[in-house]
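The next block holds one structure in the form of structure tokens; read it before the comments.
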Amino acid sequence: MGRYRKKRNIMSLDLTPLIDVVFLLLIFFMVSTTFNKYGKIDIDVPVSKVSEKTEDTKIEIVIDKNENYFILKDGKTFPINIDDLGEHLKDVKEVSITGDKNLKYQTVMDLITKVKQQGIENLGINFYE
């Protein structure tokens, strides 16, 4: 009588679908993440109750909660002194203002007055949803 060896089934787990799912989740979360263009400036932007899109302007002035002024131009951020605003607004036709929601309204109104004194008529104030 011959002995028969019992054949063992070698089980292997195919990890290819698991890797595919992990990469799909990674890509999904990377794409769905919103990027904040105010990452370097510590401001808390107020939320708008109206869902109207504002178009990009040539220059944007940002005021943080400590009343520090910054200019966003060509994707770069520059801190400015409010007294030197006229130098930064040369050849600018359109200005957008973004301020921290905890600012005093008078601070924003003073900035609007100074921008208007430079002869700029196209002025916008940004709110975010």
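My numbering applies: residue 3 is where the sequence shown begins, and numbers increase by one. A virtual CB, placed ideally from N, CA and C, is assigned to each residue, including glycine.
Whether residue i touches residue j by CB criterion (7 Å)
i      : j      : result
Val97  : Leu125 : yes
Glu89  : Leu74  : no
Lys103 : Pro48  : yes
Val64  : Thr109 : no
Residue i in three-state terms, based on DSSP
i      : result
Ile29  : helix
Leu17  : coil
Ile82  : strand
Glu89  : helix
Ser34  : helix
Leu105 : coil
Ile114 : helix
Val47  : coil
Val94  : coil
Beta carbon proximity, residue i to chain B, threshold 7 Å
i      : result
Glu123 : Judged by its chain identifiers, the structure shown contains no chain B, having just a single protein chain.
Distance between residue j and residue i (C-alpha atoms, nearest Å)
i      : j      : result
Ile21  : Arg10  : 28 Å
Asp85  : Gln120 : 12 Å
Tyr6   : Leu17  : 34 Å
Leu105 : Glu69  : 7 Å
Phe30  : Lys92  : 43 Å
Asp76  : Leu28  : 30 Å
Tyr71  : Lys78  : 14 Å
Lys67  : Ile45  : 6 Å
Pro81  : Lys118 : 20 Å
Ile12  : Leu26  : 30 Å
Ile122 : Ser50  : 24 Å
Tyr107 : Met32  : 37 Å
Leu15  : Ser34  : 31 Å
Ile127 : Leu113 : 11 Å
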